[in-house]
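> Mapping the sequence shown onto UniProt numbering, position 70 (from 1) lands on 70, and the numbers just tick up by one. Where a beta carbon is used, it is the ideal one built from N, C-alpha and C, also for glycine.
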Amino acid sequence: MSDIPVYMIANFHIQDADTYKLYEKGFFPLLKKHGGSFLSYDDSTVTLEGAYPREGRIVLFQLPSETAAQAWFGDPEYQAIAKHRRAGTDTQ
1 MSDIPVYMIA
11 NFHIQDADTY
21 KLYEKGFFPL
31 LKKHGGSFLS
41 YDDSTVTLEG
51 AYPREGRIVL
61 FQLPSETAAQ
71 AWFGDPEYQA
81 IAKHRRAGTD
91 TQ
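Okay, here's the thing in structure tokens:
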């Protein structure tokens, strides 16, 4: 696996803000645990060319490597909170 940084982009609509907040609460500590950093989010993106991203929230964060990204996503603690993201949003 590569040692170059991995940039993650998520695009979704928040359908249940209270449920999504449960995800947000756990997201940041787990991202930090795996050496990641939150870069930005936007609820009012403008597409200059093409059809994507669609409307909704865009979240951008970084992990230090593909190995770290896989470890973050596979972390049982992350998987435990990911159910709140899936229940509270329509992630695309």
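1. If you draw a straight line from the C-alpha of Leu63 to the C-alpha of Phe27, how long is it?
2. Leaving aside the five residues before and after Ala51 along the sequence, list all residues of the same chain whose C-beta is less than 6 Å from its C-beta, in chain order.
3. Along the chain, where does the beta strand (DSSP E) that runs through Gln62 open and close?
4. With respect to the beta strand (DSSP E) encompassing Tyr7, which residues constitute its N-terminal and C-terminal limits?
5. Mind the definition here: the segment 67-85 touches the segment 10-23 only if three or more C-beta pairs lie below 8 Å; say whether that holds.
Based on what the coordinates show:
1. The straight-line gap from Cα to Cα measures roughly 13 Å.
2. Only residues of its own chain outside the window of five on either side were considered, and among them none has a CB closer than 6 Å to the CB of Ala51.
3. 57-63 is the span of the beta strand (DSSP E), which, as asked, contains Gln62.
4. Residues 6-12.
5. When Cβ pairs closer than 8 Å are counted between the two stretches, the segment 67-85 is seen to touch the segment 10-23, the count reaching three or more.
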